[in-house]
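Chemist: Quick one: the structure is below, and I'll ask about it shortly.
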């Protein structure tokens, strides 16, 4: 669970917090080109299959799929949120604010 008040504590004197979906804070340099709400992603290396009624029906192109390693949120976004969120709820809460998530393949430190 991601508690907004705890995320705000990690802002310190900076304007950003980066958090893994499980709640672990990540110490990383924020790329200059990211927006106020950004997924930090990595490539998927596992084989991906589609299924229907328990039967494998095809494969997915791994180049079209990312694994979300962390969320980068700036101070402005965090000030507009309150409460506790699952990763999916956090995603939706930001969307409900009218903010579009960006995707960045920045390496985590």
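Residue numbers (the working numbering): 3 to 111. Don't be surprised by glycine CBs; every beta carbon is placed ideally from N, CA and C. Quantities reported herein were computed from a predicted structural model and do not represent experimental measurements.
Within its chain, find whatever has a CB closer than 6 Å to the CB of residue 75; leave out the 5 residues flanking it on each side and keep chain order.
Modeler: Taking the first residue of the chain shown as 1, we reach residue 75 at position 73. Excluding positions up to five away in sequence, the list reads 19 and 39.
Chemist: Could you have a look at residue 46 and say whether DSSP puts it in helix, strand or coil?
Modeler: Counted from its first residue, the chain shown places residue 46 at position 44. Coil.
Chemist: In this structure, does DSSP put residue 6 in helix, strand or coil?
Modeler: Locating residue 6 in the chain shown gives position 4, where the first residue counts as 1. Residue state, collapsed to three classes: helix.
Chemist: Can you tell me the Cα-Cα spacing of residue 108 and residue 42, whole angstroms?
Modeler: Numbered from its first residue, the chain shown carries residue 108 at position 106. Numbered from its first residue, the chain shown carries residue 42 at position 40. Their Cα atoms are separated by approximately 6 Å.
Chemist: Write down the C-beta distance between residue 4 and residue 86 rounded to the nearest angstrom, noting that I regard them as a contact closer than 8 Å.
Modeler: Mapped onto the chain shown, residue 4 falls at position 2. Mapped onto the chain shown, residue 86 falls at position 84. Sure, about 7 Å apart at Cβ, within 8 Å.
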